[in-house]
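Here this note's numbering is used: the first residue of the sequence shown is 6, the next is one more, and so on.
Here is the structure we will look at.
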Amino acid sequence: MRKVMKLMLAGVLALTMFGCSSTAKTPTIDVQETLDTIITTYFSEMASMPYDEMYVSEVFGLTEEEIVSFAGVTPMISAVATDVAVFEAQEGKVEDVKAAVESYKEYKKNNAWYPIETENAEKAVVYVNGNYVFFIMAENVEEVQAHVEGLFQ
């Protein structure tokens, strides 16, 4: 009887310690707060215009059918070569949002006027984690990308 009780206790303890689920959940983030932190931390001198629904719809071709929320900034003048955005895709629409952001990256590369703008557009990053799609175009793209990746660890 004691052996059975010990085995049952050990089983309960193992379930408590290791849990029953093996699926990891992707953290959720607030897209506006995330963008604000990126801008404040990495681009405090940037004079930028926030993305609005019209910009996202006309330039990215994205609507409420593809995205839950978004936040982004583009420079007021093309001599500033920083453009950063965060999109939360609707369930099952991540690939559509990623494709739209990849297309935007190509648009930025093809329409760059200044050498720094061309360089930053060439090394711009489209980063996807869970339902979130990021566009990072900046001189310090690696640093910003490391920050973004850290949000999901």
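Virtual Cβ for every residue (Gly too), placed ideally from N, Cα, C.
In whole angstroms, give me the CA-to-CA distance for residue i and residue j.
i, j, result
"residue 111", "residue 101", "16 Å"
"residue 49", "residue 41", "10 Å"
"residue 157", "residue 132", "12 Å"
"residue 134", "residue 97", "13 Å"
"residue 61", "residue 46", "24 Å"
"residue 73", "residue 82", "28 Å"
"residue 114", "residue 146", "15 Å"
"residue 136", "residue 99", "6 Å"
"residue 95", "residue 33", "13 Å"
"residue 120", "residue 85", "11 Å"
"residue 105", "residue 148", "24 Å"
Starting from residue i, trace the alpha helix (DSSP H) both ways and give me its first and last residue.
i, result
"residue 38", "36-47"
"residue 108", "99-115"
"residue 120", "120-127"
Would you decide whether residue i is buried or exposed? Buried here means 16 or more other CB atoms lie within 10 Å of its CB.
i, result
"residue 70", "exposed"
"residue 129", "buried"
"residue 79", "buried"
"residue 76", "buried"
"residue 52", "exposed"
"residue 2", "Absent from the structure is residue 2, since the part of the chain shown begins at 6 and ends at 158."
"residue 93", "buried"
Let's see if you can read the secondary structure: which residues bound the beta strand (DSSP E) around residue i?
i, result
"residue 94", "88-94"
"residue 76", "72-80"
Does any C-beta atom of chain D lie closer than 8 Å to the C-beta of residue i?
i, result
"residue 42", "Note that chain D does not occur in the displayed structure, where there is just one protein chain."
Cβ of residue i versus every heavy atom of the ligand HEM: is any distance shorter than 7 Å?
i, result
"residue 115", "Absent from the structure shown: the ligand HEM. Ligands present: none."
| request: Pair every Cβ in the region 63-70 with every Cβ in the region 125-132, then say whether three or more of these pairs are closer than 8 Å. | output: no
| said: If contact is defined by three or more beta carbon pairs under 8 Å, each pair taking one atom from either stretch, is the region 133-148 in contact with the region 85-93? | reply: yes
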